[in-house]
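A short worksheet on the structure shown next.
There are 2 protein chains.
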Amino acid sequence: MNVTADQPYGPDSLASDVPHPTRPLTLTQALQLPRIVIEDTMPVIDGGLFAVKGIAGQKVTVTSKVFADGHDKLAVRVCWRADGEENWQDAPMRDLGNDSWIGEFTPTSVDRYVFRLEAWIDQYASYRYELEKKFAAGVPIELELEEGRLHLLHAAERSQGALRQQIESVLERLGQIDSDARVALLLHSETSALMVQADNRAFLSRSIEFPLDVERQLAQFASWYELFPRSITDDPARHGTFNDVHSRLPMIRDMGFDVLYFPPIHPIGRAHRKGPNNSLTAGPDDPGSPYAIGSEDGGHEAIHPQLGTLEDFRNLVAAAAEHGLEIALDFAIQCSQDHPWLKQHPGWFSWRPDGTIRYAENPPKKYQDIVNVDFYAADAIPSLWLELRDIVLGWVEEGVKIFRVDNPHTKPLPFWQWMIDDIRRQHPDVMFLAEAFTKPAMMARLGKVGYSQSYTYFTWRNTKAELSEYFTQLNQAPLRHCYRPNFFVNTPDINPYFLHESGRAGFLIRAALATMGSGLWGMYSGFELCESAPIPGKEEYLDSEKYEIRVRDFTAPGNIIAEIAQLNRIRRQNPALQTHLGLKLYAAWNDNILYFGKRSDDGSNFILVAVSLDPFNAQEAHFELPLWDMGLPDDAATSGEDLMTGHRWTWYGKIQWMRIDPSYQPFGIWRIQAAN
Amino acid sequence: MNVTADQPYGPDSLASDVPHPTRPLTLTQALQLPRIVIEDTMPVIDGGLFAVKGIAGQKVTVTSKVFADGHDKLAVRVCWRADGEENWQDAPMRDLGNDSWIGEFTPTSVDRYVFRLEAWIDQYASYRYELEKKFAAGVPIELELEEGRLHLLHAAERSQGALRQQIESVLERLGQIDSDARVALLLHSETSALMVQADNRAFLSRSIEFPLDVERQLAQFASWYELFPRSITDDPARHGTFNDVHSRLPMIRDMGFDVLYFPPIHPIGRAHRKGPNNSLTAGPDDPGSPYAIGSEDGGHEAIHPQLGTLEDFRNLVAAAAEHGLEIALDFAIQCSQDHPWLKQHPGWFSWRPDGTIRYAENPPKKYQDIVNVDFYAADAIPSLWLELRDIVLGWVEEGVKIFRVDNPHTKPLPFWQWMIDDIRRQHPDVMFLAEAFTKPAMMARLGKVGYSQSYTYFTWRNTKAELSEYFTQLNQAPLRHCYRPNFFVNTPDINPYFLHESGRAGFLIRAALATMGSGLWGMYSGFELCESAPIPGKEEYLDSEKYEIRVRDFTAPGNIIAEIAQLNRIRRQNPALQTHLGLKLYAAWNDNILYFGKRSDDGSNFILVAVSLDPFNAQEAHFELPLWDMGLPDDAATSGEDLMTGHRWTWYGKIQWMRIDPSYQPFGIWRIQAAN
């Protein structure tokens with residue numbers, strides 16, 4: 001394995017024409033270099049090495065620095081096309097001054113797109129600019145008028161058909177009128193329009209093609225609900241089934257969720273099975289961790305018999321769809337020691353001198369019931385890679401389009417890059433969520449190699465400073481272009497410290513932050529019941545559902561089901577909340593109150609969110625209404641609407657005051673608009 | 001002309017292996033992708049498209065993000081070599097945490113260099129880490145000890161000669177000692193050193209090669225003095241000559257300058273010759289602008305007869321060298337209408353319908369005595385490009401190694417990229433200074449395509465806010481890696497508004513800012529005499545030397561020659577001042593006082609500079625000594641030395657007070673160090 005990283009891609013056609021900067025540049029090569037510079041194009045990830053993320057139907061705004069020597073006017077266009085399309089579409093870009101240009105386009109389908117920029121010297125615009133200036137200054141312009149005639153003449157000569165006739169007719173009129181009228185004709189917008197059509201695009205310069213991965217709306221705006229199907233039972237002694245899950249669908253949908261995610265549903269191994277609370281010895285009736293995949297009943301392609309049959313699974317997928325819910329499965333590339341692969345493909349594993357396989361670790365966590373495959377073992381290439389891809393394809397064929405991937409950062413990046421690309425080229429609507437909790441560079445890289453969404457640090461960001469910094473970072477390049485954050489408020493593995501003692505108000509705080517902070521959020525069941533009993537001192541649930549069946553009463557008092565349903569309803573009704581992008585922090589002068597705004601692209605939907613981070617005490621603050629972002633003066637009147645209660649009022653002026661009492665509700669969500 | 005801009009380069013060997021991100025990635029290709037990521041490497045310009053600037057003998061610090069899946073230890077090295085060298089040198093990089101790595105190397109010769117990063121999985125380091133942890137935890141390690149033995153065995157098998165023998169001898173000892181001793185032997189630094197030598201560099205990943213252009217010290221640290229040789233006379237009626245310039249050399253050298261720069265020395269055209277103060281008609285004795293190049297006496301290769309002969313020029317170059325001065329010539333690609341090219345090469349120009357050529361403009365300036373060549377005229381390719389290159393080469397052969405280029409931003413960038421590359425590959429010590437005053441993107445791009453130094457916006461940055469922002473910008477990436485600012489305090493074309501009324505103190509202010517702000521600064525003669533008479537309301541000199549011979553008395557009272565000499569002396573004695581890099585702004589609580597520090601790379605030389613921007617009134621301020629940057633506590637005692645006067649004192653604590661009186665001296669320059 002001896003390969004080159006950090007490799008910017010270039011179109012093949014140029015690879016031989018342009019020398020590496022360390023080698024001499026010949027004159028022949030220099031004459032092929034573009035006269036017009038196109039640089040700093042955005043959105044671009046790593047110079048075009050990876051695709052930027054987009055959503056079908058959502059505008060992509062493109063900016064770039066475009067300039068050349070001298071003082072000629074430039075024409076700049078952005079061009080784009082979907083993967084399968086022959087022809088480019090294009091649109092003009094606008095000069096913002098200082099060589100900055102801006103343009104936009106809207107990809108319409110779920111597909112791989114490319115876009116590129118084109119720039120050329122707009123000779124007629126340059127001419128018009130000069131003519132206009134000289135005419136206004138009253139200096140002699142006979143020579144300029146003759147040059148104008150020649151511009152038209154040459155344009156006619158290189159044109160054909162109707163265009164040629166139209167330009168020739170302008171030329172004819174030009175010969176029949178006086179000097180002032182000739183100036184007017186040469187500057188006329190219709191003449192300019194003809195000349196744009198006939199433009200020979202002098203010194204045409206093209207950027208490379210930048211990739212754009214356009215996904216469906218659910219990649220950016222979705223509410224995930226996680227449950228263990230085996231726990232959908234009224235008796236811990238009776239293993240829940242796919243058929244039992246049907247009964248939960250209406251309530252989950254009523255709470256406003258659209259993705260229903262199951263931890264692995266595959267046969268669970270017996271060897272080294274974990275007992276309650278991650279103990280190393282299981283009793284005969286302990287169900288084991290579903291992450292210890294594989295038994296004599298099969299591996300990743302099979303269903304754990306106690307959950308039901310493949311037919312039951314298909315029925316559940318269909319029933320969920322009827323409730324507006326998509327099923328997401330867990331893709332956990334790991335095996336119990338009973339997984340058929342150990343016997344069928346011993347070469348896929350790395351064996352120790354004593355004939356055992358090292359069990360998995362994700363420091364400081366130890367998974368004694370799990371072993372990992374070795375992606376680069378001689379016998380694993382390419383059979384393991386193909387098998388893993390085919391397992392995912394198999395579930396896609398069962399109607400599963402969403403996969404939550406367990407610990408992707410401990411599997412090789414080239415594997416993900418290939419597998420996600422391969423599957424999404426056949427099934428563009430398939431999405432992968434990266435469950436990586438690791439260092440920032442890897443988190444971002446997983447997004448770059450193809451993950452549609454990612455778990456985040458949100459779960460550990462509690463203070464105003466931490467949340468402000470993190471929300472801001474997610475809104476900045478490069479992260480904003482390659483990483484879609486899915487804010488999980490809890491997971492079977494993470495019982496956040498903040499919630500251990502916070503009570504119900506703490507759950508509402510985290511739910512408000514997650515639902516308002518990102519278009520993507522997720523909840524593991526029990527959160528709505530404010531479950532928080534930890535293993536003392538640890539960030540883990542006591543009696544974790546990973547190791548036992550857990551029966552719940554979803555109507556238990558003190559639950560926050562109604563609030564969650566309302567938060568999700570507010571998200572559906574307000575486009576500004578359907579993405580983590582567009583979030584801006586505003587001033588509330590109290591370090592316990594996080595206050596931010598989100599505005600839709602067209603500005604028509606503007607939501608203000610204030611969350612008290614204190615679950616125990618009422619907090620008060622003066623705060624600023626962002627009138628400047630609405631184009632309003634500091635003394636403007638604005639209409640406010642409380643989206644939790646429907647109350648409406650009028651604010652006068654910029655500085656306002658709030659009081660947030662967690663015993664009632666620890667946050668406020670307000671829609672603001674200019675008062676009539 | 002139909003070419004592609006914004007083209008990241010990649011090594012040829014990979015161009016066919018790795019597909020563009022918009023095309024499907026095959027499994028075969030994926031298996032060739034690097035497992036270890038190397039990204040965000042610095043210093044790099046535009047992904048490696050252009051060379052980063054370096055100086056021979058000066059350290060290059062390289063940082064990068066390097067990471068892989070899983071938890072294995074990585075080894076990362078930076079490798080480098082000069083253009084002609086066969087072998088790479090390399091040095092280890094250090095892990096800073098969060099996947100950030102840092103390393104350094106020092107290029108020793110004036111040459112093109114490349115550097116790249118290499119990373120691999122350090123299997124023995126990963127093993128050692130695990131063994132150490134498990135041994136400390138007291139868990140059974142028999143299996144680990146056997147794995148250690150196998151590591152050594154395999155290392156021996158793939159090694160030869162002495163290394164193999166040494167590893168085999170460790171293996172032998174390993175078989176003879178008890179378990180604790182085996183742990184000690186396996187963890188021993190000598191064993192590790194052997195294993196580093198025998199490392200098979202698993203999953204070796206290489207970055208692309210990043211270019212580095214290493215120049216001589218004068219590219220970063222130089223003081224330029226500009227004069228018109230024809231003005232070195234005691235009588236405006238007698239044209240000064242090269243021979244006259246000899247008399248000025250000692251004084252210029254005594255002021256501390258090392259580059260002596262002449263505006264064009266070529267024959268001056270008669271056609272449309274400008275008269276005094278840029279008037280459109282010249283009298284018979286008016287010398288004309290030296291920028292109107294070319295007459296029947298020759299063009300860019302010739303010397304204006306009134307200045308002397310080629311022999312005189314050679315003598316002057318030699319005499320200047322004896323005084324420690326290098327001559328810089330002006331390379332102004334433009335012609336008077338009497339230039340021989342108009343007849344010899346009419347195809348190099350763009351002719352208007354009436355048989356004339358458009359005169360040059362650099363809006364709002366008009367140059368009626370000058371016409372420009374057309375680089376892309378059919379007849380100009382490649383003859384004009386070659387001719388221009390050969391002209392420069394001709395002067396290089398006369399001993400000129402420095403060229404100030406007039407208005408490079410109005411000539412095609414590919415021309416500069418080719419010409420500078422071509423000349424510097426033959427003569428690596430040749431340098432070009434870009435005289436571009438235009439928008440920021442072009443200013444930076446000229447640095448990228450090869451200019452060693454550039455004119456700047458310094459001349460128009462007067463307030464504390466403006467100067468703070470500009471100094472900071474020049475110290476940040478990407479500018480710090482591609483753009484070396486030469487701070488000219490004035491030029492024949494720029495008589496800064498600030499100096500019109502500022503009096504002598506204003507000249508000292510600008511001299512202090514330029515000399516202390518950048519390693520490169522420049523002065524056009526007359527500045528030392530505080531000349532400032534403008535054309536009323538304009539940023540131009542009255543009776544500009546561009547159009548007439550100007551006799552000066554360089555001993556006139558009120559001059560600032562002694563101060564300039566002292567400022568240049570301070571620069572020579574303090575390495576921290578020999579570059580614009582390393583400048584940091586510190587707090588002085590007065591908006592009229594700019595206060596900053598500069599520290600040499602090794603921290604041994606630390607200079608503080610306070611400049612009052614008010615030439616009229618005394619200014620006072622409390623200010624902070626940057627004790628934190630010296631690793632000192634807030635109450636530390638430090639020694640200060642006034643580098644203008646030699647006075648010394650002790651400061652106690654961080655907050656100090658200053659008073660700057662422009663009637664005495666509008667700035668202070670202090671060397672600070674911890675008190676003994």
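Protein sequences, first through last, are from chains R and F. At position 495 of the first sequence (counting the first as 1) the number is 495 in the working numbering, and the numbers step up by one without a gap. At position 657 of the second sequence (counting the first as 1) the number is 657 in the working numbering, and the numbers step up by one without a gap. Glycine is no exception: its CB is placed at the ideal position from the N, C-alpha and C atoms.
### Message
Among the candidates Pro290/R, Arg270/R, Ile293/R, Val259/R, whose CA atom is the shortest distance from the CA of Val400/R?
### Response
Along the first sequence, one-based indexing puts residue 400/R at 400. Distances from the CA of Val400/R to each of Pro290/R, Arg270/R, Ile293/R, Val259/R were compared; the closest alpha carbon is that of Val259/R.
### Query
Going straight from the alpha carbon of Leu613/R to that of Ile509/R, what length do you get?
Walking along the first sequence from the start, residue 613/R turns up at place 613. Walking along the first sequence from the start, residue 509/R turns up at place 509. Each residue's Cα considered, the two are about 7 Å apart.
### Task
Could you check if Arg94/F is buried or exposed, using at least 16 other CB atoms within 10 Å of its CB as the buried criterion?
For the purposes of this step, residue 94/F is taken as the residue at position 94 of the second sequence. Label assigned to Arg94/F: exposed.
### chain R contact residues for Thr456/F, given Cβ-Cβ distances below 7 Å
Here the question's residue 456/F lines up with position 456 in the second sequence. Simply none; closest approach about 16 Å.
### Distance CB(Tyr124/R)-CB(Asp83/R) smaller than 8 Å
The residue given as residue 124/R occupies position 124 in the first sequence. The residue given as residue 83/R occupies position 83 in the first sequence. Not in contact: Tyr124/R and Asp83/R (Cβ atoms no closer than 8 Å).
### Message
Using a Cβ-Cβ distance cut-off of 8 Å, determine whether Arg763/R contacts chain F.
### Response
Outside the modelled stretch of chain R, which goes from 1 to 676, sits residue 763/R, for which no answer is possible.
### Query
Does Glu296/F get closer than 8 Å to chain R when you measure Cβ to Cβ?
Indexing the second sequence from 1 puts residue 296/F at position 296. No, its Cβ sits nowhere closer than 8 Å to a Cβ of chain R.
#### Entry: CA nearest to the CA of Ala576/R, picked from Leu627/R, Met516/R, Leu625/R
Along the first sequence, one-based indexing puts residue 576/R at 576. For the residues Leu627/R, Met516/R, Leu625/R, the minimum Cα distance to Ala576/R belongs to Met516/R.
### Query
Is there a Cβ from chain R that is less than 8 Å from the Cβ of Gly48/F?
As a position in the second sequence, residue 48/F is number 48, starting the count at 1. Closer than 8 Å to some Cβ of chain R, the Cβ of Gly48/F qualifies, so yes.
### Task
Report the rounded CA-to-CA distance for Glu147/F versus Arg116/F, giving the unit in angstroms.
Position 147 of the second sequence holds residue 147/F. Position 116 of the second sequence holds residue 116/F. Roughly 33 Å between the two C-alpha positions.
### Task
At 3 residues or longer, and completely inside the region 55-94 of chain R: list those beta strand (DSSP E) runs for me, N to C.
Listed in chain order, the beta strand (DSSP E) elements of length 3 or more contained wholly in the region 55-94 of chain R are 60-67, 74-82, 89-92.
### Residue from His246/R, Trp657/R, Ile402/R, Phe616/R whose Cα sits closest to the Cα of Phe507/R
Locating residue 507/R in the first sequence gives position 507, counting from the first residue. With distances taken between Cα atoms, Phe507/R lies closest to Phe616/R.
### Collapsed DSSP secondary structure at Arg445/R in the structure displayed
As a first step, residue 445/R is located in the first sequence; it is residue number 445 there, counting from the start. Here Arg445/R sits in helix by DSSP.
### C-beta neighbour in chain R for Tyr9/F, strict 8 Å
Stepping through the second sequence from its first residue, residue 9/F is reached at position 9. Residue placement at Tyr9/F cannot be trusted, given a pLDDT of 36 that sits under 50; the coordinates are not used to answer.
### Query
If we cut at 8 Å on Cβ distances, does Ala674/F have a partner in chain R?
In the second sequence, counting from the first residue as 1, residue 674/F sits at position 674. So no, Ala674/F is outside the interface.
### Query
Given Glu624/R, which residues of its chain have a CB within under 7 Å of its CB, disregarding the five upstream and five downstream residues?
Taking the first sequence and counting its residues from 1, one reaches residue 624/R at position 624. Taken in chain order, the residues that qualify are Tyr586, Ala587, Lys654, Ile655.
### Task
Count the CB pairs spanning the region 488-505 of chain R and the region 530-542 of chain R that are closer than 8 Å, and state whether there are at least three.
Segment contact: the region 488-505 of chain R against the region 530-542 of chain R, three or more CB-CB distances shorter than 8 Å; contact assigned.
### Message
Looking only at its chain, what residues have a beta carbon closer than 7 Å to the beta carbon of Leu567/R, apart from the 5 residues adjacent to it on each side?
### Response
The sequence position of residue 567/R within the first sequence is 567, counting from 1. Excluding positions up to five away in sequence, the list reads Ala511, Ala512, Thr515.
#### Entry: Beta-carbon gap between Cys482/R and Ala444/R smaller than 8 Å
Translated into positions along the first sequence, residue 482/R becomes position 482. Translated into positions along the first sequence, residue 444/R becomes position 444. Result yes, Cβ atoms of Cys482/R and Ala444/R sit closer than 8 Å.
### Task
Counting only the same chain and skipping the five closest in sequence on each side, list residues whose C-beta sits under 8 Å from that of Ile141/R.
For the purposes of this step, residue 141/R is taken as the residue at position 141 of the first sequence. Here the set comprises Leu131, Lys134, Phe135, Ser179, Val183.
### Task
Using alpha carbons as the reference points, say which of Pro428/R, Leu33/R, Thr241/R, Asp285/R lies closest to Arg273/R.
Working through the first sequence from its first residue, we reach residue 273/R at position 273. Comparing Cα positions, the closest option is Asp285/R.
### Query
Taking the alpha carbon of Phe432/R as the point to measure from, which residue in Gly299/R, Leu643/R, Ala332/R, Trp628/R has its own alpha carbon closest?
Position 432 of the first sequence, counting from 1, holds the residue named residue 432/R. Of the candidates Gly299/R, Leu643/R, Ala332/R, Trp628/R, the one whose C-alpha sits nearest the C-alpha of Phe432/R is Ala332/R.
#### Entry: 7 Å Cβ shell around Asp40/R - same chain, five flanking residues per side excluded
Here residue 40/R refers to the residue found at position 40 when the first sequence is read from its first residue. So the list reads Ser64, Lys65, once near-sequence residues are dropped.
### Task
Provide the residue(s) that pair with Trp351/F in DSSP beta bridges, ordered along the chain.
Within the second sequence, the letter at position 351 stands for residue 351/F. DSSP output for Trp351/F lists Ile357/F as bridge partner(s).
### Query
So, is the C-beta of Asp354/R closer than 8 Å to a C-beta in chain F?
Taking the first sequence and counting its residues from 1, one reaches residue 354/R at position 354. By this cut-off, Asp354/R is an interface position.
### Task
Below 6 Å CB to CB, which residues in the same chain sit around Val3/F once its five sequence neighbours on both sides are set aside?
Indexing the second sequence from 1 puts residue 3/F at position 3. For Val3/F, the predicted model reports a pLDDT of 36, less than 50, meaning its position is unreliable; a value from the coordinates is still stated below. Around Val3/F: no qualifying Cβ.
### Task
Taking 8 Å as the cut-off, decide whether the C-beta atoms of Gly299/R and His266/R are in contact.
In the first sequence, residue 299/R corresponds to position 299, counting from 1. In the first sequence, residue 266/R corresponds to position 266, counting from 1. Yes, the pair counts as a contact, with Cβ atoms nearer than the cut-off.
### Message
If you reduce the DSSP assignment to three classes, tell me which class Gln578/R lands in.
### Response
By 1-based counting over the first sequence, the position of residue 578/R is 578. Under the three-state reduction of DSSP, Gln578/R is assigned to coil, being neither helix nor strand.
### Task
Report yes if the C-beta distance between Arg521/F and Trp88/F is below 8 Å; otherwise report no.
Mapped onto the second sequence, residue 521/F falls at position 521. Mapped onto the second sequence, residue 88/F falls at position 88. According to the sequence as given, residue 521/F is Trp; it is not Arg. Against a cut-off of 8 Å, the Cβ pair of Trp88/F and Trp521/F comes out as no contact.
### Query
Going by the beta-carbon positions, is the gap between Ala441/F and Asp99/R smaller than 8 Å?
Your numbering for residue 441/F matches position 441 in the second sequence. Your numbering for residue 99/R matches position 99 in the first sequence. In terms of Cβ geometry, Ala441/F and Asp99/R form a close pair [threshold 8 Å].
#### Entry: Three-state secondary structure (DSSP) of Met42/R
Locating residue 42/R in the first sequence gives position 42, counting from the first residue. Met42/R sits in a strand when the DSSP states are folded into three classes.
### Query
Secondary structure at Tyr376/R, three-state DSSP: helix, strand or coil?
Counting from 1 along the first sequence, the entry for residue 376/R is found at position 376. Secondary structure at Tyr376/R: coil, using DSSP grouped into helix, strand and coil.
### Thr650/R in three-state terms, based on DSSP
In the first sequence, the residue the question calls residue 650/R occupies position 650. Looking at Thr650/R - three-state DSSP - the assignment turns out to be strand.
### Query
Rounded to a whole number of angstroms, what is the C-alpha to C-alpha distance between Ser336/F and Tyr376/F?
Mapped onto the second sequence, residue 336/F falls at position 336. Mapped onto the second sequence, residue 376/F falls at position 376. If I take the Cα positions, the gap works out to 20 Å.
### Message
I'd like the list of long-range same chain contacts for Phe50/F, defined as Cβ closer than 6 Å, with 5 residues on each side in sequence excluded.
### Response
Residue mapping note: residue 50/F aligns to position 50 of the second sequence, counting from 1. Closer than 6 Å at the Cβ level, and outside the excluded window around Phe50/F, lie Lys448.
### Query
For Leu249/R versus Ala319/R, is the C-beta distance shorter than 8 Å?
As a first step, residue 249/R is located in the first sequence; it is residue number 249 there, counting from the start. As a first step, residue 319/R is located in the first sequence; it is residue number 319 there, counting from the start. A distance below 8 Å separates the beta carbons of Leu249/R and Ala319/R.
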